[in-house]
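Asker: Submitted below is the structure of interest, expressed as C-alpha cells.
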Amino acid sequence: MKDTAYTKNDIVHVSFEIGLFLKGIYGFLEILGGVLLLFLNPHRLNLLTHFLTKHELSEDPRDIVATYLISLSSSFSISTQHFAVFYLISHGVIKCFLIFLLWRRKLFAYPLTIISLLLFIAYQIYRYTLTRSGFLIFLTLFDIIMIVLTFLEYKRINSASNAQ
Numbered sequence: 444m445k446d447t448a449y450t451k452n453d454i455v456h457v458s459f460e461i462g463l464f465l466k467g468i469y470g471f472l473e474i475l476g477g478v479l480l481l482f483l484n485p486h487r488l489n490l491l492t493h494f495l496t497k498h499e500l501s502e503d504p505r506d507i508v509a510t511y512l513i514s515l516s517s518s519f520s521i522s523t524q525h526f527a528v529f530y531l532i533s534h535g536v537i538k539c540f541l542i543f544l545l546w547r548r549k550l551f552a553y554p555l556t557i558i559s560l561l562l563f564i565a566y567q568i569y570r571y572t573l574t575r576s577g578f579l580i581f582l583t584l585f586d587i588i589m590i591v592l593t594f595l596e597y598k599r600i601n602s603a604s605n606a607q
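In the working numbering, the protein residues as written are 444 to 607.
Structure representation (C-alpha cells):
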C-alpha cells in the first residue's frame, strides 16, 4: 500500500515537472512572439498575408481560410499590435518567472502560481466568448491541470518539509 503512494507521488511530481517544462517553452515562445510582433506593423502584416494567400485565392477566390486571413489582417491595427505585444511579453515573462521560482522550490510561488493561472483562465474564458477559439479551450484545460498539479506538488513539498 505504501509503495503505491510513492508511485502516485512520483507520477504527480513528474507530471508537474513536464507541465512546467511545457509552460516554460510556451512562455518563451510568447516572449519571442511579442518581440517579433513589434516589427510586424499592419502594413507588413497585410503584405505578408496577401503574399501567403495569393496562390490559394488564384485557384479559389472564395477559399474560406484565405479570405478569413485577409479579413483578419485588414482589421489588425496599431492598437491591436500594441496590445498583443504587451500581452504576449507580459504573459510570457510572468510565466517564466513563476516557473523559475517553482523549479527553485520557493514555497510562496506555488499559491502565487495558482492565483496567476486562475487569472489567466478567467481572461482566456473571456477571450473565448469573443473568438470561439478552440486553442483557448486547450490552454484553459492545460492551466486547470497545472493548477491541480501545482497544488498537489505544494502539498507534497510542504509535508516533506514539515516531516523534517
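Quick reminder that beta carbons are idealized off the backbone N, C-alpha and C, glycines included. For clarity, every value in this text was computed on a predicted model and none was experimentally measured.
Just list the alpha helix (DSSP H) runs in the segment 515-554, keeping only unbroken ones of 4 residues or longer that don't cross its boundaries, in chain order.
Answerer: You should have 521-546.
Asker: Cβ of Leu545 within 7 Å of Cβ of Leu465?
Answerer: Contact: no.
Asker: Between Leu550 and Ser501, what straight-line distance do the alpha-carbon atoms span, to the nearest angstrom?
Answerer: So the two alpha carbons sit approximately 58 Å from each other.
Asker: Contact defined as beta carbons within less than 8 Å: I believe His525 pairs with Glu473. What is the distance between those atoms, to the nearest angstrom?
Answerer: Between Glu473 and His525 the Cβ distance is about 16 Å, and since that is not below 8 Å, they are no contact.
Asker: Helix or strand or just coil, what does DSSP make of Pro485?
Answerer: Three-state result, Pro485: helix.
Asker: Just checking my contact of Arg570 with Leu560 at CB under 8 Å: how many whole Å lie between their CB atoms?
Answerer: No, Arg570 and Leu560 are not in contact; Cβ-Cβ is about 15 Å, not under 8 Å.
Asker: At which residue ranges does the segment 550-594 contain complete alpha helix (DSSP H) runs of 4 or more residues, listed in the order of the chain?
Answerer: Here the runs fully enclosed are 552-574.
Asker: Which of helix, strand or coil does DSSP assign to Asp453?
Answerer: Asp453: helix per DSSP, three-state reduction.
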